[in-house]
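Colleague: Residue numbers (my numbering): 94 to 475. From the three backbone atoms N, C-alpha and C, an ideal C-beta is built for every residue, glycine too.
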C-alpha cells in the first residue's frame, strides 16, 4: 500500500493560502470610498498649488508626498483585523496621552500655544492623534461591556475619565477648538454605544451654567476671538482682520470665481493663513460659489459614505469605530467651514485633506484606515 502524500499542487495552494486571503481582503476594500478620498486630496493639491503662488514646492508637493504615504498606511490599516485593533487600543491611547503630556513639557510654541513636538525633524501635533486614539479606546471599552450593561451608571465612569483626560490636556496647551471636538467625539460614542436618554440629560444639563465659568478661565487671545466673532468691525486691522478678509474673499468670488491663480485677496497675500485654516476661502474666491458647492458636496459624500460604512458593519466594535471616525471628519468640516464663513469664532481647525499640515493629514488617513477595516470585516461576528 502506497504512503499517502499531499499532491504538489495542493501543497502550493496551502502555502499560498495566506497570500490569497490577503488578496481577498484587499479586494474587499471599499474602493469607491478610496476614490472619494483621492479626489478630496486632489482638490487640496490644486488649492495648495495656488496658495503657493503657482509653485508646487511651497505647499502642494510636500502635501502630496504625505498623502501618498498616508494612502499606503490607510490601506495597510484597512487589512488589520478588529481583534488586533482591540489589542492595540490601550497602547495607542497610552501613547497619545504620553505625547500630550510631552507637549506641555517640551512643546513647540506657535501662535500663543504649545501644540507641536519635534519628532526627528517632523513637527507633530499630538492632539490630532489623540482623537483617533480616543475613538479606538472607547470603542474597545464599549465593545467589552456590551450594550445591555450601559444602563449601569458605574460602567460609564471609566470611559468618562478616558474622555476627560485628553480633553483637559488639550485645553492646557491651550487648544479650545480641538478640545471641544475631542469631547464631542467622546460624547457621540457614548450615545452610539447605547447610553440612556436620562443619562444624557443629566450629563448635558449643567453645560449652560458653565458658560460664564469657562469664559472667565479662557486665555486672553481666546476671549479676543469670541469678542472679534461678535464684533469684527471694531478692530478691522487687528483682531478682526482675519474674518473680515475671509468674508471679502468669499464675496469677491461671486458665482463662478475670479479664476484659478487670479484671486486678488489670496494672490496678493491679503488673505491670512490661506494654506491652512482659510484654504476654503481661497477656493471660494477663485472658483466662486459653484466651486465651493462642489467641494462641500464632496465633503458631504465622504461623510455620508463614512456613516453608511459604519452602519453596515454587523459587529459592535467596528460599528463604533466607524461612527467615531465619521464624526471626527464631520466635525472637522463643519467647524472649519463655519469658521471661515464667520458663523463661529476662528479656532484653528483645518479642512481635512485640503489644508496644509502633516499631523492632520496622516491622522485622518489612519482614521480612514480604521473605517475601511470596519468595512472589510463588516460581516465578522461580534
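1) Cα-Cα, which of 450, 254, 406 is closest to residue 216?
2) Would you call the region 405-417 and the region 439-455 in contact, with 3 or more CB pairs under 8 angstroms?
3) Determine the closest residue to residue 145 out of 356, 349, 403, with distance taken between C-alpha atoms.
4) Output the boundary residues of the alpha helix (DSSP H) element that contains residue 272.
5) Compare the Cα-Cα distances from residue 273 to each of 291, 230, 243, 223 and report the closest residue.
6) Taking a contact to mean a Cβ-Cβ separation below 8 angstroms, would you say residue 259 touches residue 339 in this structure?
7) Around the C-beta of residue 474, are 16 or more other C-beta atoms found within 10 angstroms, so that it is buried, or is it exposed?
8) Where do the N-terminal and C-terminal ends of the alpha helix (DSSP H) with residue 169 fall, by residue?
9) Hey, how far is the Cα of residue 405 from the Cα of residue 471?
10) Does DSSP classify residue 245 as helix, strand or coil?
11) Look at the alpha carbon of residue 142 and the alpha carbon of residue 448, and state the distance between them as a whole number of angstroms.
12) Can you tell which of 446, 423, 419 has its C-alpha closest to the C-alpha of residue 229?
13) Consult DSSP for residue 218 and reduce its assignment to one of helix, strand or coil.
14) So, residue 455 versus residue 163, is the Cβ gap smaller than 8 angstroms?
15) Let me check one thing: in DSSP terms, what residues is residue 210 bridge-paired to?
16) Along the chain, which unbroken stretches of the alpha helix (DSSP H) at least 4 residues long are found entirely within the region 343-415?
17) Using three-state DSSP, classify residue 449 as helix, strand or coil.
18) Relative to the alpha-carbon of residue 265, which residue among 195, 240, 287, 236 has its alpha-carbon at the smallest distance?
19) Is residue 211 buried or exposed, if buried means 16 or more other CB atoms sit within 10 Å of its CB?
20) In this structure, how does DSSP classify residue 288 when only helix, strand and coil are distinguished?
21) CB-CB under 6 angstroms to residue 236, same chain, minus the five flanking residues each way: which ones, in chain order?
22) Hey, is the region 116-127 in contact with the region 421-434, meaning 3+ C-beta pairs nearer than 8 angstroms?
23) Would residue 394 and residue 168 qualify as a contact pair, given that the criterion is a beta-carbon distance under 8 angstroms?
24) Report the option in 400, 349, 402, 399 whose CA atom is closest to the CA atom of residue 387.
25) Give the single residue among 354, 401, 390 whose Cα lies nearest to the Cα of residue 378.
26) If I measure Cβ to Cβ from residue 185 and keep anything under 7 angstroms in the same chain, skipping five residues before and after, which residues do I get?
27) Quick check on DSSP: helix, strand or coil for residue 431?
28) With respect to the alpha helix (DSSP H) encompassing residue 195, which residues constitute its N-terminal and C-terminal limits?
29) Buried or exposed: where does residue 180 fall if 16 or more other Cβ atoms within 10 Å of its Cβ makes it buried?
30) Taking the alpha-carbon positions, what's the residue 219 to residue 182 distance?
31) On the three-state DSSP scale, how would you describe residue 123?
Modeller: Per the coordinate set shown:
1) 450
2) no
3) When each option's Cα is compared against that of residue 145, the closest is 356.
4) 269-285
5) 223
6) No, the Cβ-Cβ distance between residue 259 and residue 339 is not below 8 angstroms.
7) exposed
8) 153-171
9) For residue 405 and residue 471, the distance between alpha carbons rounds to 7 angstroms.
10) coil
11) 11 angstroms
12) 419
13) coil
14) yes
15) 217
16) 357-360, 372-405
17) The answer is coil: DSSP assigns residue 449 none of H, G, I, E or B.
18) Here the closest residue by C-alpha is 195.
19) Around the CB of residue 211, fewer than 16 other CB atoms lie within 10 Å, so the residue is classed as exposed.
20) coil
21) 409, 410
22) The region 116-127, when compared against the region 421-434, does not touch it at the 8 angstroms Cβ threshold.
23) Result no, Cβ atoms of residue 394 and residue 168 do not sit closer than 8 angstroms.
24) 349
25) Looking at the Cα atoms, 354 is the closest of the given residues.
26) 226, 229
27) helix
28) 175-199
29) Flag for residue 180 reads exposed.
30) 16 angstroms
31) coil
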